[in-house]
Amino acid sequence: MSLKLDVLLKQNSENLSPKQKKFNRLIKKVEQLKVLLSEWEHAQNDIQKRASGEILPKYAELHQIMFQQLEILWKHKLETKWAKTQALRLDDLIESVASQLMIVDTLSEKQFELVEKILSSYEISEDEFFKADIKEHQLEEMNIVDQEELTAERLDEINKRAFIEMMASKLGVESDYFDFEFNLYDHDDFIEKLHEKMEKDREQEFLKQLNKTDRDDYERKLKNEKDKQKKLAEKRALAKQKANQSFKNIYLKIASLIHPDREQNEERKIEKTEILQRVNQAYENKDLFALLKYQIEFTASVEKFNNLAKEQLEFYNINLEEQAEELQSKIDDIIYSFDWNDHIDMHSLGRIKVKDLYKKFDKDVLIIKKNLERAERALEIFSDRAELKSLLRKRYY
2 MSLKLDVLLK QNSENLSPKQ KKFNRLIKKV EQLKVLLSEW EHAQNDIQKR
52 ASGEILPKYA ELHQIMFQQL EILWKHKLET KWAKTQALRL DDLIESVASQ
102 LMIVDTLSEK QFELVEKILS SYEISEDEFF KADIKEHQLE EMNIVDQEEL
152 TAERLDEINK RAFIEMMASK LGVESDYFDF EFNLYDHDDF IEKLHEKMEK
202 DREQEFLKQL NKTDRDDYER KLKNEKDKQK KLAEKRALAK QKANQSFKNI
252 YLKIASLIHP DREQNEERKI EKTEILQRVN QAYENKDLFA LLKYQIEFTA
302 SVEKFNNLAK EQLEFYNINL EEQAEELQSK IDDIIYSFDW NDHIDMHSLG
352 RIKVKDLYKK FDKDVLIIKK NLERAERALE IFSDRAELKS LLRKRYY
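Residue numbers (this note's numbering): 2 to 398.
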């Protein structure tokens, strides 16, 4: 934070209005979040580089060992006669290894084809099951239309009706329950609209349990909340509109003060050109915090900021709140881009710090090393038919 902006936040704090105090708090918060985001971005890049050299090669090695396991187990299945129980357990083991390899991206195309072939001999995928289930309904529909020539639209209609009947059967509801439009080929669209309907139904069921007075009171409060949210959205939209004008005014004022074309000294001209580029970037990013900092730095007018109009302060505060939310969202995106499942016992996601990411990385390195050791030991056992039979009898796998 610049010295002048720091002075702005500290001076005459006891005489500031609530909106001015809020403005100061938000300025500090945005500055802190900017620093924190920078730390997380640096840590993210650092960990990704280290993972490329220390973890990813070990995972590739692990997957190759697992593929060797699969090859050996499959060979045993085809070439050795097994007792019924052992054969079933061997199938479970093969299917487990193949399923894990299906979701990795370190196998060659030829290796992946073998994994896919082996796995397909055990089970059909969920999508295939889904299509097969629809196919039964399609056949019924096609019997009804008695082999009439099917257009693409008619086929879509049959598919949709079949899908609805299938889902109605699975959910235990009548087919007319699905009275909303949806894209048959976009499952996310269907799930989203189904959830909306179920939520609406739950609300209606809740209202039915209330007497008229309580129901009217609930609906009135619900309407008030919706109106409140609508007004807040309108207020934020107006604030953005006003803030855009403020951005432009601040930007033009700063640009006019530091414009390098007016500078005679060559060194100062280069320096001002670099500063103007940073100001331009702040303006493009709608970064109110940065523009205010530059304005104070180049206008040397700290006192003016203590006399900002109430309306202008309100617009600034809304904009700074949004900027703080956006910065926090970027930080959260980085945090959630990592898998914390094996570390959730140590930390709550809401309190994770940068140092925790490095602890997680060190733990991940240890985990993959142990997994490699276990995989190599398992490969030795699978390679020996007698040891494998003993393993399957005891079911220690």
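Just so you know, even glycine gets a beta-carbon here, dropped at the ideal spot from N, CA and C.
Neighbour-count burial assignment, residue i, 16 or more Cβ in a 10 Å radius
i      : result
Ser18  : exposed
Ala238 : exposed
Tyr186 : exposed
Lys364 : exposed
Arg378 : exposed
Phe383 : buried
Ala283 : buried
Val174 : exposed
CA-to-CA distance, residue j to residue i, given in whole angstroms
i      : j      : result
Glu80  : Leu102 : 23 Å
Lys23  : Gln33  : 15 Å
His77  : Arg386 : 8 Å
Glu204 : Lys222 : 14 Å
Asp217 : Asp180 : 27 Å
Met199 : Asp357 : 40 Å
Tyr123 : Glu96  : 7 Å
Arg90  : Leu393 : 6 Å
Ile159 : Glu166 : 11 Å
Lys361 : Ser109 : 30 Å
Val36  : Phe207 : 47 Å
Ala133 : Lys171 : For Ala133, the pLDDT reaches just 46, beneath the cut-off of 50, and the residue's location in the model is therefore unreliable, although a value from the coordinates is still provided. Near 15 Å, if we compare the C-alpha coordinates of Lys171 and Ala133.
Leu380 : Ser53  : 26 Å
Lys161 : His188 : 12 Å
Proximity of residue i and residue j at Cβ, strictly below 8 Å
i      : j      : result
Leu71  : Val98  : yes
Tyr190 : Phe183 : With the sequence shown as reference, residue 190 is identified as Asp, and Tyr is not the correct amino acid for it. Yes, Cβ-Cβ distance for Asp190 and Phe183 is below 8 Å.
Gln69  : Lys390 : no
Leu321 : Leu94  : no
Ala325 : Val31  : yes
Leu328 : Leu120 : no
Glu315 : Lys29  : no
Ile255 : Gln313 : no
Endpoints, alpha helix (DSSP H) assigned at residue i
i      : result
Tyr60  : Leu57 to Glu80
Val174 : That residue, Val174, is in no alpha helix (DSSP H); it is neither H nor E in DSSP.
Leu380 : Val355 to Ser384
Phe113 : Glu110 to Ser121
Leu89  : Lys85 to Leu102
Val280 : Glu267 to Glu285
The ligand GDP heavy atom lying under 7 Å from the CB of residue i
i     : result
Glu62 : Among the ligands in the structure shown, none appear at all, so the ligand GDP cannot be discussed.
The stretch 247–255 in contact with the stretch 226–236 per 3-pair CB rule at 8 Å: Taking 8 Å as the limit for Cβ pairs, the verdict is that the stretch 226–236 does not touch the stretch 247–255.
Count the C-beta pairs between the stretch 334–343 and the stretch 39–46 that are closer than 8 Å, then say yes if the count reaches three, no if not. Yes, they touch.
Are the stretch 57–73 and the stretch 367–379 in contact at 8 Å, needing three or more beta carbon pairs? The count of Cβ pairs closer than 8 Å, one atom from the stretch 57–73 and one from the stretch 367–379, reaches three, so the stretches are in contact.
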